[in-house]
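Asks:
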Amino acid sequence: MAENSHADVRIEVDVVILGGGIAGLWLLDRLRKLGFAVLLLNKGDLGQGQSIAAQGIIHSGTKYFGGESSVADLEFMPARWRASLSGRAQMNDPDLSAAAPLSEAMQMWLPPQLGGALLAGFSQKIMRSQMLECDPNDRPGVLPDVRGGKLFLTDELVVDVPKILSALQNLNDDYIRALPDGMNMAFTDTAKAPVTITAGALSVRAQRIICTAGAGNEALLAQAGLRTISGQRRPLHQVIIGGMKQSLFLHCIGKNPKPLATITSHPDGRGEYFWYVGGLIAEQGAAQDADKLVATAKAKLQQLLPRADFARARWATHRVDRAEPAGHGGLRPGSVTAHGHGAFIVAWPTKLALAPILSDHIVALLEKDSVRPTGTKITGLVALPRAAIAKTPWEAVETWN
Ligand SMILES: Cc1cc2nc3c(=O)[nH]c(=O)nc-3n(C[C@H](O)[C@H](O)[C@H](O)COP(=O)(O)OP(=O)(O)OC[C@H]3O[C@@H](n4cnc5c(N)ncnc54)[C@H](O)[C@@H]3O)c2cc1C
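When you line the sequence shown up against my numbering, it's residues -14 to 386, in that order.
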C-alpha cells in the first residue's frame, strides 16, 4: 500500500493500541467492553513475531519447578482461559468459544534413569499444581516400553493460537487496521495527553498510546524518547516436524529444571500433524544453524521417544526472539510488565498465557490516571486497510529437510 493512500485521515479515539499480537488483541476487546473508543494499529501481520510462533501452552506453573517461576499469576490462567474458551468468560475477558483448544492437558515424561531423584525434588509442586500420575496404560505409544519412568498429566491446556488470534480479530475487526512496513511513525510529546501519532498522512489523536508491539516496543520507546525503559530479546530456534501421524502434547524432563523438549502437535489439515518442539532444544539450538539443529533434534528425539515413527517425517526450524522488558539479568521476567509514562504505556505479557493479567494491569493504570471512556465515535477507518493474521511457522517453511 502506498503511503499516500492514507491521504489526510484524521482519527480521534480514547486509546490507540500499537501492536496486534495476543496482548494487543486481548486488550482491545477488554477496553471496548469497558466502553472506550479504541483503535488497534498493527505493523505487519497480526501476531507476527511471537504470538503466532507460540506453542499455545497455558501454563499453570508446573513446568518451572526449581527454575524461573511466575507461579502466582500462572496458577489461575488455565481456569481463566477455559472460561473464555467455553463462552463463559470472566472479568470482561473475550468470548473465545470459536477457538477450540488443541489439548486439555500436557503430559510430562520423566525417563526411568532420571525419575527418582527428580521426583523427590518436585513432589511438593505436584501437590500444589494438580498433576496426576498417568496410568501406565495411557502412555503415548511413542514412549519407551519399559517399566520405570514416570508420566504425569499437568493442568496445562494447549490453545490453537491461529484460531485464538482469528477469534479475537473477528470480535473487533472494525477497530483493527494495518500500518504498512517501512512507514515511519512520529508522536507529539508523550508526556502529556492528548497525544497525536502521525504515520504518512494518517493522524490519530488519543488520551493514551498503549504499545503492545513485542520486539517492536523497542523502536516505539526510542521514537517516544523514553530511555529509562528498554527491551531484551532471548533467541529461540524451534524445530518443526511435518508428516507425524500421532498427536502429542508432552514435556520431556531431564536433569535441567527446564524440559529437554516440549512437543505440541498442530493439525496439517490432511489428517497428520506438525510436531512443534521447544524447550532446551530450542534454547540451545539458537547457537546452531538449521542443519545442525535438525541433526541434534533427530538424535535427541529418537532417544527420548524411541518408538516414534520418524520414517516419513519432514524437518525444518524456525528462529524467533522472545521480547521482554530488560532488567532481569537476561532471564525471563517473573510476570507481566506495563509501564505508564504520561500518555504512553508500554507493555509486555512475557507469556501468551498471561495476556489476561496484562489487560488487568493496563485497566488499573488507566483507572489510576482517571482515563475514562468519552463516548467518542470513531470515524475515518474505512480509508485504512484491514490486517491479516500472520502465517504459522510451519506455513512459512520454505525448505524442508
Ligand atoms: C517459540 C515461542 C514459543 C512460545 N510458547 C509459549 C507458550 O506455549 N505459552 C505461553 O504462554 N507463551 C509462549 N511464548 C511467549 C508468547 O508467545 C509471548 O509472550 C506473547 O506472544 C507476546 O505477545 P505480544 O502480543 O506482546 O507480542 P507479539 O506476539 O510479538 O506481537 C507483536 C505485534 O506487534 C506488531 N508490531 C510490531 N512493531 C509494531 C509497530 N511499530 N507498530 C504497530 N505494530 C507493531 C507485530 O506485527 C505483532 O502483531 C512463546 C514464545 C516463543 C517465541
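Idealized CB from N, CA, C, for every residue including glycine. Treat the numbers as computed from the prediction; the structure is a model and nothing was measured.
Given that a residue counts as buried once 16 or more other Cβ atoms are within 10 Å of its Cβ, and exposed if not, what is Ile(-4)?
Replies: Here residue -4 is taken as the residue at index 11 of the sequence shown, counted from 1. Buried: at least 16 other Cβ atoms inside 10 Å.
Asks: Closest to Asp(-7) by CA distance: which of Thr361, Thr183 and Pro310 is it?
Replies: On the sequence shown, position 8 is the one that residue -7 refers to. If we check each option's Cα against that of Asp(-7), Thr183 comes out closest.
Asks: Which residues share a DSSP beta bridge with Glu118?
Replies: Walking along the sequence shown from the start, residue 118 turns up at place 133. Glu118 is bridged to Phe137.
Asks: Can you check whether the CB of Ala84 is closer than 8 Å to the CB of Ile149?
Replies: As a first step, residue 149 must be located in the sequence shown, where it is residue number 164. As a first step, residue 84 must be located in the sequence shown, where it is residue number 99. Yes; because the gap between Cβ atoms is below 8 Å, this pair is in contact.
Asks: Would DSSP call Ser151 helix, strand or coil?
Replies: To locate residue 151, count along the sequence shown from 1; it is residue 166. Helix, per DSSP.
Asks: If contacts are defined as beta-carbon pairs under 8 Å, then Pro147 and Ile225 qualify, I think. What distance do you get, rounded to the angstrom?
Replies: Position 162 of the sequence shown, counting from 1, holds the residue named residue 147. Position 240 of the sequence shown, counting from 1, holds the residue named residue 225. That belief does not hold up - the Cβ atoms of Pro147 and Ile225 are roughly 15 Å apart, past 8 Å.
Asks: How would you call Thr213, buried or exposed, if buried means at least 16 neighbouring beta carbons within 10 angstroms?
Replies: The sequence position of residue 213 within the sequence shown is 228, counting from 1. By the 10 Å Cβ count, Thr213 comes out exposed.
Asks: Can you tell me which of the three DSSP states Gly228 falls into?
Replies: Here residue 228 refers to the residue found at position 243 when the sequence shown is read from its first residue. Residue state for Gly228 is assigned as strand, using DSSP reduced to three classes.
Asks: Is the beta carbon of Thr181 less than 8 Å from the beta carbon of Thr173?
Replies: Against the sequence shown, residue 181 aligns to sequence position 196. Against the sequence shown, residue 173 aligns to sequence position 188. The answer is yes: Cβ separation under 8 Å.
Asks: Cα separation between Gly264 and Ala272?
Replies: Taking the first residue of the sequence shown as position 1, residue 264 is located at position 279. Taking the first residue of the sequence shown as position 1, residue 272 is located at position 287. Approximately 14 Å between the Cα atoms of the pair.
Asks: What does the alpha-carbon distance come out to for the pair Ile248 and Gln287?
Replies: Translated into the one-based positions of the sequence shown, residue 248 becomes position 263. Translated into the one-based positions of the sequence shown, residue 287 becomes position 302. Those two C-alpha atoms are separated by around 13 Å.
Asks: Hey, would you say Arg162 sits closer than 8 Å to Ala372, going by beta carbons?
Replies: Reading the sequence shown from its first residue, position 177 is the one you call residue 162. Reading the sequence shown from its first residue, position 387 is the one you call residue 372. In this structure, Ala372 lies closer than 8 Å to Arg162 by Cβ.
Asks: Determine whether the beta carbon atoms of Leu95 and Val143 lie at a separation below 8 Å.
Replies: The count along the sequence shown starts at 1 and reaches residue 95 at position 110. The count along the sequence shown starts at 1 and reaches residue 143 at position 158. Contact flag unset, no.
Asks: State the beta-bridge partners of Met170 as determined by DSSP.
Replies: Within the sequence shown, residue 170 is the residue found at index 185, counting from 1. Looking at the DSSP assignment, Met170 forms a beta bridge with Ala184.
Asks: Just to confirm, does Gly6 get its C-beta within under 7 Å of one of the non-hydrogen atoms of ligand 3?
Replies: As presented, the structure is devoid of ligand 3, carrying ligand 1 as its sole ligands.
Asks: Use the C-beta contact count for Asn27: other C-beta atoms within 10 angstroms, 16 or more gives buried, fewer gives exposed.
Replies: Here residue 27 refers to the residue found at position 42 of the sequence shown. Buried is the call here.
Asks: Give me the Cβ distance between Ala328 and Arg193, rounded to the nearest whole Å; I'm assuming they're in contact under 8 Å.
Replies: Locating residue 328 in the sequence shown gives position 343, where the first residue counts as 1. Locating residue 193 in the sequence shown gives position 208, where the first residue counts as 1. That belief holds up - the Cβ atoms of Ala328 and Arg193 are roughly 6 Å apart, short of 8 Å.
Asks: Which term fits Glu203, buried or exposed, when burial requires 16 or more other beta carbons within 10 angstroms of its beta carbon?
Replies: As a position in the sequence shown, residue 203 is number 218, starting the count at 1. The residue in question, Glu203, is buried, as its Cβ has 16 or more Cβ neighbours within 10 Å.
Asks: Run through DSSP, which three-state label would Arg(-5) get?
Replies: Here residue -5 corresponds to residue number 10 of the sequence shown, with the count starting at 1. Residue state, collapsed to three classes: strand.
Asks: Which of helix, strand or coil does DSSP assign to Val127?
Replies: Against the sequence shown, residue 127 aligns to sequence position 142. DSSP places Val127 in coil when its eight states are reduced to three.
Asks: Do Tyr160 and Ile363 have their C-beta atoms closer together than 8 Å?
Replies: Position 175 of the sequence shown, counted from the first residue, corresponds to residue 160. Position 378 of the sequence shown, counted from the first residue, corresponds to residue 363. Result yes, Cβ atoms of Tyr160 and Ile363 sit closer than 8 Å.
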